[in-house]
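Residue 145 in the UniProt record's numbering sits at position 145 of the sequence shown, with consecutive numbering throughout.
For every residue, glycine included, the Cβ atom is placed at its ideal position computed from N, Cα and C.
Below: one structure, written as structure tokens.
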Amino acid sequence: MSSPGEVLQRIQKVLHPYIRPREEVAQIRRILALHLDSCLEDGSATSPLALVDASKSKSSPAVRGLRREYLEALSANIKARSEHKACCLETSRPQAEASTTVEQQQQQQQQQQQQQQSDRLHDHLATIGLQKKQEKLQVIEKHLNLLQQKPVASADYLAPEQIFSNSRPLPDVPKELLSALTLDKTATSSHLKDLADQLEKHVLRAKLLLKREEQLLDQVKSRSTVRPENISTSAKLRALNTTRAHLINWIEAELGKAGDGAGEDGEPTDDFAEPFKASGDGADAAAGIEENLAIIQQKYSQYLGVRKALLQMVSQKPRPVIKPRAEPSTALAAASTSAPPPYAHLLSPYLEQLVSVAQEQKGLIAQKSHLNSTVARQLVESCQALDRLAEESQLIPSHPLPGAGAGGVGAPRRKQTFGDALGAAAAAASQALSLSGSVKPWVFAAESAKIATLEAVAEKIEEGQLALEDSIRTIGEIDQLLGRHPVRQTGQESEDVVAAEDDIWLAESRPSGKSAGASRKHISRKEATAAAAAAKRRSSGDVWDTLDGTLGLLRSDGDPP
1 MSSPGEVLQR IQKVLHPYIR PREEVAQIRR ILALHLDSCL EDGSATSPLA
51 LVDASKSKSS PAVRGLRREY LEALSANIKA RSEHKACCLE TSRPQAEAST
101 TVEQQQQQQQ QQQQQQQSDR LHDHLATIGL QKKQEKLQVI EKHLNLLQQK
151 PVASADYLAP EQIFSNSRPL PDVPKELLSA LTLDKTATSS HLKDLADQLE
201 KHVLRAKLLL KREEQLLDQV KSRSTVRPEN ISTSAKLRAL NTTRAHLINW
251 IEAELGKAGD GAGEDGEPTD DFAEPFKASG DGADAAAGIE ENLAIIQQKY
301 SQYLGVRKAL LQMVSQKPRP VIKPRAEPST ALAAASTSAP PPYAHLLSPY
351 LEQLVSVAQE QKGLIAQKSH LNSTVARQLV ESCQALDRLA EESQLIPSHP
401 LPGAGAGGVG APRRKQTFGD ALGAAAAAAS QALSLSGSVK PWVFAAESAK
451 IATLEAVAEK IEEGQLALED SIRTIGEIDQ LLGRHPVRQT GQESEDVVAA
501 EDDIWLAESR PSGKSAGASR KHISRKEATA AAAAAKRRSS GDVWDTLDGT
551 LGLLRSDGDP P
């Protein structure tokens, strides 16, 4: 811990650029006052600079650059304003001469009032300034009196123990910091500043990463359909066992890679895709995954053993065998029983190609696994979105898929549990089927809604046609009663009757609803024959024959003519 003297030296070093001696401060103030006096005409600034009369601005030959241009523009502006004011005064002079006396009196009164107000304002400002000065002097006097009362001559007056006796004790310095200070005694203040900056950067980066991780966690929680309160104890136990088995297998694979070298990689082969072909509940999927993992581990261990043997055989150099001289009688027997030549030199040209092919296969396997995981994730998200929409939809319940039971294709999917989430990886191949099964109810409901809409429209159109025919028949009867029908040819009348009969039978043969069927039953062949007879009676051409005693409905349609 640094002493108070070192702390004071550091403070003085930091404040040194901002502290000036009293003589230097007075010299700076004197220079500024002379500069301001040179900028003013009378050499005294009795009012703020912002309220100086604009007509007093003059350019001096010492001013150059932008300031000179500004002063010239200002003088031109003042000149233009004065000319404009003079023109305005000349135009308004005839009117002003009539009321000069009254305006002069008013101006004098206003000037007097303004002068009184300005005097009051100056007095008030002066009073405020004197009060502030008095307060400052009182504070200085108070502290001087306090200093006079203290024992300045005592030896313990400026002792740190006496000064910091009533202050709060500082916290203890950590041991790590003390050890670092003892190890690095040559660290300068700049080095400490750099370390502090780096620490701040690391802290800020850690905060940003923490915030990003929290946002990602919130997003995952909002998207996840699995809730901790819905998970059973058996599902948790199965999940823990599966996780433990995977962790053990991974540790063994990493240890095998570390022992065999950097070139031996423990990635699974295409057999890893076999577990994804099975589908079912969470327990069956977990059992299938464990069995397939055991098979893969066995095959991989066999592969590692064969590879080690191959590498050992290639790395070994053929040792020269020194044989004793054999007798001539046994030379032929030794030649016949000689060992076969080694095949290592035959395998060496193909090792590089085998290594390159193995690396390509590893890359293809990694790409395939990545694509499988991506497609499975997209399928899961699509199924979840379709399930959510099916739960919120009103179209699917109104038009259910035929033959869909509680667990059918058209039924809404149940919420995913923790066991189902574990079996999601094993059921990647079946996700496509579940996706198509989720889409089928939508397709069937859309087709059913379309057919129902078309049927309703057809029924409404047929009802309108029947109502139109009834209206036309009623209008014809009214025209017949009033005798408004023109005389037409017999052939044309017969054609109309036949057309009417065809329309009647055509209307009876069309499929319609209850209202259409009731209205069709109302039409009969008897009405068609009565209409034909009335048309024949109208062919006589006489007006009274047209009425034919049916005025006012005096006889029924069934009476003979």
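To the nearest angstrom, how far is the alpha carbon of residue i from that of residue j?
i	j	result
S438	A309	52 Å
A467	A458	14 Å
S373	A366	11 Å
T100	S92	12 Å
I523	P397	At I523 the pLDDT is 45, less than 50, meaning the model places this residue with poor confidence; the figure from the coordinates comes in the next sentence. Using only the alpha carbons, I get a separation of about 40 Å.
residue 635	Q378	The displayed coordinates of the chain run from 1 to 561. Any statement about residue 635 would go beyond what the structure contains.
Q361	E381	30 Å
D387	A446	17 Å
I19	I28	13 Å
residue 563	S38	Outside the shown range of the chain (1 to 561) lies residue 563, about which nothing can therefore be said.
K132	V139	11 Å
R67	L74	10 Å
Q359	E352	11 Å
D197	A26	40 Å
Q114	Q105	14 Å
A86	A80	10 Å
H16	R64	36 Å
T269	D218	The predicted position of T269 is uncertain, since its pLDDT is 44 and thus under 50; a value taken from the coordinates is nonetheless stated next. C-alpha separation (whole angstroms): 36 Å.
residue 562	V203	Since the first and last residues shown for the chain are 1 and 561, residue 562 lies out of range.
Q110	N77	29 Å
S436	V375	14 Å
V14	K193	14 Å
E469	E392	45 Å
E176	I248	37 Å
Q116	Q162	59 Å
R473	K460	20 Å
L481	I475	10 Å
L137	H122	22 Å
H84	R120	35 Å
E462	A452	15 Å
A239	N230	14 Å
G483	E455	41 Å
F164	P171	14 Å
Give the C-beta separation of residue i and residue j to the nearest angstrom, bearing in mind that I take them to be a contact with Cβ-Cβ under 8 Å.
i	j	result
E290	A253	In fact, because the Cβ distance is near 16 Å, the residues do not count as touching under 8 Å.
For residue i, does the three-state DSSP call read helix, strand or coil?
i	result
L199	helix
Q115	helix
R10	helix
residue 570	With the chain represented from 1 up to 561, any question about residue 570 goes unanswered, as that position is not in the structure.
N166	coil
I248	helix
R20	coil
S3	coil
H143	helix
S224	coil
H399	coil
L15	helix
G483	coil
G437	helix
V457	helix
Q361	helix
A62	coil
S393	coil
residue 567	A question about residue 567 goes unanswered here, because the residues of the chain that appear run from 1 up to 561.
I231	coil
S369	helix
S92	coil
L310	helix
Would you check if the distance between the CB atom of residue i and the CB atom of residue j is smaller than 8 Å?
i	j	result
T242	A294	no
A385	P441	no
G256	L311	no
residue 589	P4	Coverage of the chain is limited to positions 1 through 561, which leaves residue 589 absent and any answer about it impossible.
L401	A449	no
A383	S301	Looking at the sequence provided, one finds Cys at residue 383 rather than Ala. Against a cut-off of 8 Å, the Cβ pair of S301 and C383 comes out as no contact.
H370	F444	no
Is residue i near the ligand ADP, judged by its Cβ being under 7 Å from some heavy atom?
i	result
A206	For the structure depicted, the ligand ADP is absent and the ligand set is empty, with no information on it obtainable.
Three or more C-beta pairs below 8 Å linking the region 23 to 42 and the region 7 to 14: Counting C-beta pairs closer than 8 Å gives fewer than three between the region 23 to 42 and the region 7 to 14, which falls short of the contact rule.
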